[in-house]
Structure formats: structure tokens, C-alpha cells
Amino acid sequence: MSERGGGRFVRKVAEKVRRAPEAVDDDLWASVQLARHAERPYTLDYITRMCSDFEEVHGDRLFGDDHAMVAGFGRFHDRPVAFIGQQKGRDTNERTFRNFGMAGPEGYRKAMRVMEIANRLGIPVVTLIDTPGAFPGASAEERGQGGAISRSIQMMWRLDVPTLAVIIGEGSSGGALGLGVADRVLMLENSTYSVISPEGASAILWRDASKARQAAQAFKPTAANCYRWGVVDAVVPEPDGGAHTDHEQAAEILDQYIYRALTDLGAMPPVERRRARRERFRKLGPLRDPEGGMGMATGRGTPPPG
Amino acid sequence: MSRVGRNIHVSVDRLRQLAHRDARPRKISADAGTCPKCDSHYSADEMQRNLRVCPACGHHFAVTARERMEQLGEPGGYVELWPELRAADPLQFTDLKPYTERIADAEKSTGLGEAIVCAELEVRHVPAVAAIMDFSYMGGSMGAVVGEKLARACDHAAQKGQPLIVVAASGGARMQEGTLALMQMAKTVIALDALAEARVPVVVVLAHPTTGGVWASFASLGDITYAEPGALIAFSGPRVIEETTREVLPSDFGRAERQLENGQVDAVVDRRELAERIGRVLHILRRPELEGPGAMGSPALQWAQGGAQRAAGAVQSLPRKVMDRIRPGSPDGEDPE
Ligand SMILES: [Zn+2]
């Protein structure tokens with residue numbers, strides 16, 4: 001399905017960007033908009049480009065198949081890798097079919113099913129995160145949305161195989177974190193990772209749905225900031241103008257980053273990997289210095305170029 | 001509502017007496033209040049005695065973390081852990097008010113350093129570690145301090161080999177700490193596994209409300225999960241769902257009684273029975289005292305170790321008729337005499 005993405009969109013968008021270069025600047029709001037750009041490559045666009053073959057699985061074996069979550073096994077650099085990620089749609093029909101990338105409990109349970117298989121077969125797990133959040137619906141709640149996410153977090157943490165999470169677009173709320181507990185967490189240059197979407201924050205904190213822009217400024221959910229906070233380990237560069245301008249090149253770059261990370265992680269003993277994984281998340285979140293001062297997040301400075 | 005009644009296991013008579021007595025009309029003192037559900041009046045003192053449950057209708061009011069420690073623990077009290085930890089402001093966050101100001105206000109109005117209180121205490125003579133959230137401190141939201149204290153409580157309980165009791169009351173992740181607040185979901189879920197390794201149980205109590213990132217992390221991972229009557233338990237709140245999906249939700253959406261039906265909690269437990277109930281389940285799960293060298297491992301292993309003698313003893317005490325029946329060679333169901 002990603003095959004029809006490519007060229008046409010890229011050309012169209014490339015023209016758009018040439019006409020309005022100011023749309024792509026350092027501004028946070030631009031970043032937020034780029035992260036959910038309609039022509040941005042989605043999970044399957046990457047998987048089909050990076051894998052020589054991909055077998056998607058369907059269903060959680062409990063209730064149904066969640067189309068907002070894609071999971072399966074791919075051939076990546078002639079090795080098996082499990083890929084899991086939220087999937088958005090491009091046109092109206094597809095968006096509805098994919099539920100705007102908002103997975104329900106069945107999605108997280110399908111993800112866990114693939115994680116379990118991968119762990120048993122010794123296959124590394126790569127997640128691609130792109131969601132405005134987990135699906136907020138009464139039926140999802142009845143079937144245990146909260147428990148599905150917490151168990152997905154728990155299972156990712158418990159895996160013995162190397163794990164890698166990549167925020168490729170929009171990473172909002174627990175719905176994103178449900179796939180985010182990995183040995184390494186990468187973030188595409190123009191993606192966002194936040195506790196809530198700017199619109200959600202605007203309604204809750206400003207009690208005004210129109211303050212999304214202000215909310216984005218307050219949350220600073222960019223890749224550079226997430227790197228500074230230690231939330232992500234590397235920032236994956238995108239083609240000039242953003243990933244939407246060149247799906248092929250975006251996938252090529254990501255491919256190289258995933259390959260490098262899996263190679264590094266594969267060299268670590270499983271026990272050591274899990275210990276490091278635990279430490280990685282344990283140290284996130286600064287406490288106030290008892291000597292006074294509100295303290296910035298213990299930092300790393302700016303991300304290295306490339 | 002009948003479900004609540006069915007889940008009360010002890011001293012129903014006492015409750016009935018209390019309800020009866022307290023339903024009488026009385027003078028309202030200065031610090032009294034009115035129940036929003038049944039309009040009956042109560043005095044502050046009476047409310048505290050009744051564990052902040054309306055004596056007339058059973059409506060559960062919010063309880064502060066420290067008061068709940070006293071409700072759950074023995075009269076001897078509790079030893080608070082890490083009360084000194086305070087929130088930082090990593091994003092230098094401002095919405096309608098700077099975050100630093102919100103923290104200062106919350107501390108002033110609640111007397112708490114954060115939205116969670118951790119302590120060592122005894123519940124019905126079972127020593128345990130408790131981590132109790134306080135909704136009055138910024139909606140019980142989970143930032144780095146809540147995550148850290150909960151993780152430390154897990155480590156502490158595991159190290160002592162004692163069960164962990166968590167009382168959740170939270171609107172979810174603390175927005176003002178942004179992405180780093182989201183990370184506390186991962187931190188707390190990972191920390192819970194220290195208890196799995198130490199083979200000690202986790203009892204989670206879901207108070208009103210338990211929503212968002214707290215429900216989608218440690219609060220939904222208890223070994224035994226109780227909910228207080230009427231508590232809202234949901235990942236997405238009703239307002240968000242109605243706005244996003246245009247669904248019209250039933251008035252009991254996400255409430256404890258409904259979530260019991262949905263299979264999301266083990267029981268709805270009246271607060272006045274909570275300590276008893278937790279104590280009881282911890283007594284059931286308690287491991288027998290370990291004896292002798294190399295006395296390690298799980299209750300299952302202990303069964304195997306002490307099993308032979310115990311089984312022999314048990315068989316000795318069976319009635320003669322049954323003994324004969326299970327003795328090899330004797331025809332089943334026939335009295336050999
Ligand atoms: Zn009442």
C-alpha cells in the first residue's frame with residue numbers, strides 16, 4: 001500500500017515547499033505540523049521500503065484486528081526483525097479504516113503477541129511510533145485500554161531480545177509510550193514526542209481549544225528537546241525540507257540508523273541489555289535540587305549533527 | 001448498587017447501625033458539610049470517624065494520603081519515606097500560571113511535598129510498604145517525583161520482602177512536566193518488576209478518580225485490584241471520549257461497579273472494609289515461615305519440601321472408611337470389612 005505513496009506526493013509537496021520555504025523553519029509549531037504532515041511517510045511506507053519482504057500478522061486472538069496498529073515480521077538486511085507500529089491513513093477512507101492511527105486494546109494486544117513470538121524466536125523488535133494517542137472510546141475502555149497499554153509497556157521492558165523504538169511522526173500520550181520502552185529510542189528530526197497532543201493540552205490547561213500553538217510552545221515536544229532531556233538517544237535526520245519530500249531517502253536514512261542500532265545492541269549480553277534498559281528509564285525525570293534552584297533537566301546539550 | 005453490598009464481607013451489622021444512627025437529624029456545626037449525593041448533613045468529626053464515607057448513603061468522599069495511611073495502618077502509625085523529594089521544573093512550564101507557582105500553592109494548601117506519600121506500615125498485622133496518592137495535590141498527577149517515589153517504594157518493598165499497597169487517585173500524567181512526565185509511566189511499570197522478582201504481591205486500590213497515564217501504567221498492574229465504590233477508572237475521561245467520538249456515555253461510564261462488570265477490577269470494596277479486606281488477602285498470600293538451611297523459594301517449592309510429611313499427616317487424619325478406599329488394592333467404594 002505504501003507503493004502508491006512515493007513519487008506523486010513527493011513531487012507535489014516538493015513544489016509546495018519550494019513555494020513556501022518559510023513553512024519549514026525552527027519554529028516549534030512548524031515542527032508540530034511537519035510531524036503530522038499529510039504526506040509524511042507512515043509506518044508501512046517505511047517497513048515496505050526497508051524490508052525485502054514483510055509478513056503482516058492480524059488480530060489479537062482475543063477480540064479482533066486493530067487496523068490502527070500494524071505488526072509483523074520483516075526481512076531486514078537479510079535478517080528477521082519484528083516491526084510494530086501505529087498506522088495512519090492518507091485519504092478519508094483510509095484514515096477512517098486506520099482510525100487516525102489511534103489504536104485500541106486489540107492493537108496493543110496484537111503488538112504484544114508479536115513481541116512474544118519475537119522474544120521466543122530471538123528476533124529483535126523495532127517499533128515505529130506515530131499516533132495522536134490511544135483511541136478514546138467507550139468500547140476501548142470496556143475492553144481495558146489502560147491495562148493493554150500498561151501490559152505492552154511491561155512486555156517491552158521484559159523482552160530479552162534487542163529492542164528499538166523510533167518516533168517517526170506524532171508520538172502523543174500513553175498510546176505512544178505503549179510501544180516506546182526500548183533499549184534505544186530514536187526520533188526523526190521533525191517528529192514530536194509529548195505527554196499529550198497540543199490540542200488536548202490546549203483544552204485541558206488553557207480551557208480553550210484554540211490555544212494549541214501556545215501549548216506546543218510550552219511543551220517543546222521536538223526531537224532536539226527530547227534528546228536534551230535524555231528521552232531519546234539519537235535524532236534521525238530527514239531529507240531537506242522534511243521526510244514528506246522524499247519517502248525513499250527518508251526510509252534509507254532510517255534504515256541505516258536501525259541497522260547500526262541493532263548491530264550495537266546485538267553485541268550486548270541480554271542481561272546487560274535489560275539492566276541498561278531499566279537504568280535508562282529509571283533516571284528520566286529530574287528532581288529538585290535540595291540546595292535550591294528549580295533545575296533544568298540534566299542535560300546532554302544539543303544533538304550531534306547527522 | 002447491590003453489587004457493593006455483596007462485596008462487603010464483614011460487620012455489615014455494624015455498618016447498618018452506624019448508618020441508622022447517623023441518619024438522625026442533628027445540629028450542624030461550623031465545620032460540617034452536606035453530602036452532594038443525598039443532601040444529608042454531617043459533622044467534620046463524624047465524617048472522619050466514618051472514613052469520609054457518607055453515613056447516610058455511602059458516598060465516598062476524597063481522602064488525603066496521610067489520612068488514608070491512618071485508615072489503613074495500625075494505631076501505631078506509619079513511617080513516612082522520602083518526604084523530602086520535590087518537583088523540578090524541567091520545561092520552565094507556564095500555562096495560565098507558572099508551574100513553580102502551582103507547586104508552591106499545592107504544597108501550601110495540602111501540606112504535602114508531592115502528590116504521593118510512601119510509608120512503612122502494618123495492615124491488620126501484616127507489615128507492608130504503602131504508596132498512597134493524594135488527589136488534592138495537583139489532581140494527584142504523576143510527575144518525576146511521583147514516579148521516583150513509587151519506584152523507590154517498589155525497590156524498598158522488594159528489598160524487605162514485604163507486599164506493596166498502592167492507592168491510586170490521579171488524573172494521570174502531570175502535563176506541566178511534559179514528555180518527562182510521560183516517561184514516569186515506563187519508570188513505574190519497570191520498577192514494579194522488582195516485586196515480581198522478590199515474589200511479593202502488589203495490592204492496588206483504585207480511588208476516585210484513576211485515569212490517564214496512571215491507569216495505563218502501574219495502577220492497572222496490581223496482583224489484586226480493588227476499586228472504591230463510584231470511582232472513575234478510565235484511560236480517557238468521559239469528556240474527551242464524548243468530544244472525540246460524539247458518543248453519548250451512560251452516567252456510570254468507567255465507574256468502579258461498571259469496571260467490575262468489564263473485568264477490569266477484582267472487587268468493589270467499601271472504604272470502611274478496605275483495611276480488613278487488604279489484610280485478609282495479604283494473610284492468604286503470606287508465605288509460611290522459612291525453616292532450615294537453604295529454605296528458599298516459592299510457596300510452591302515449600303509444598304514440595306514439606307510435602308511428604310504433611311501429606312502423610314493429612315492422610316492419617318482421614319476417616320477410616322476413606323482410608324480404606326484409597327489404600328491400594330482395596331476395591332473402590334466397597335467396605336473391606
Ligand atoms: Zn450521602
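Protein chains in written order, with the working numbering: chain A, 1 to 306; chain B, 1 to 337. Glycine included, C-beta positions come from ideal geometry on N, C-alpha and C.
DSSP-derived helix/strand/coil call for residue i
i	result
D130(A)	strand
V185(A)	strand
A82(A)	strand
G266(A)	helix
T222(A)	strand
I278(B)	helix
E170(A)	strand
R167(B)	The question names Arg, yet the displayed sequence has Val at residue 167(B). It is a strand residue.
S152(A)	helix
Y42(B)	strand
K27(B)	Below a pLDDT of 50, predicted positions are generally treated as unreliable, and K27(B), at 44, falls in that range; the measurement from the model is reported next regardless. Coil at K27(B), not helix or strand.
S197(A)	coil
V240(B)	helix
V231(A)	coil
A216(B)	coil
L164(A)	strand
L287(A)	strand
V53(B)	strand
P288(B)	coil
K211(A)	coil
Q299(B)	Checking the sequence shown, residue 299(B) turns out to be Pro, not Gln. P299(B): helix per DSSP, three-state reduction.
H283(B)	helix
E279(A)	helix
Pairwise C-alpha distance: residue j and residue i
i	j	result
G171(B)	D53(A)	43 Å
A196(B)	V123(B)	21 Å
A82(A)	M115(A)	7 Å
G64(A)	D45(A)	24 Å
A151(B)	Q249(A)	42 Å
C154(B)	A68(A)	34 Å
A234(A)	L121(A)	28 Å
A243(A)	L28(A)	17 Å
I379(A)	A88(B)	No answer is possible for residue 379(A): the residues shown for chain A start at 1 and end at 306.
F61(B)	V248(B)	26 Å
L232(B)	E141(A)	11 Å
N190(A)	V125(A)	23 Å
P238(B)	R258(B)	14 Å
T222(A)	S194(A)	9 Å
E55(A)	A118(A)	13 Å
V166(A)	G180(A)	8 Å
G263(B)	V117(B)	29 Å
K283(A)	M183(B)	10 Å
T127(A)	T43(A)	9 Å
T163(A)	M268(A)	12 Å
A251(A)	Y226(B)	47 Å
V204(B)	M185(B)	16 Å
I129(A)	L221(B)	23 Å
V202(B)	D60(A)	27 Å
Y42(B)	G169(A)	54 Å
R174(B)	I278(B)	29 Å
V79(B)	K97(B)	34 Å
V161(A)	D255(A)	19 Å
According to DSSP, residues forming a beta bridge with residue i
i	result
L232(B)	R255(B)
T211(B)	A234(B)
P127(B)	E122(B)
V204(B)	V166(B) and T225(B)
V236(A)	L188(A)
G33(B)	Y42(B)
M133(B)	I116(B)
V146(B)	The partner list for V146(B) (beta bridge, DSSP) is empty, contrary to what the question assumes.
A267(B)	Y226(B)
Run through the region 93–123 of chain B for me and flag every whole alpha helix (DSSP H) of 4 or more residues, listed as ranges in chain order.
99–110
Fill in: Ordered list of beta strand (DSSP E) runs contained in the region 42–128 of chain A, each at least 3 residues
53–57, 69–76 and 79–86
Unbroken stretches of the beta strand (DSSP E), 3 residues or longer, contained in the region 57–98 of chain B: 79–81
Original post:
Which residues are close to ligand 1, meaning CB closer than 6 Å to any heavy atom, in chain order?
Top reply: C35(B), K37(B), C38(B), S40(B), C54(B), A56(B), C57(B) and H59(B)
Complete runs of the alpha helix (DSSP H) confined to the region 151–195 of chain B [at least 4 residues]: none
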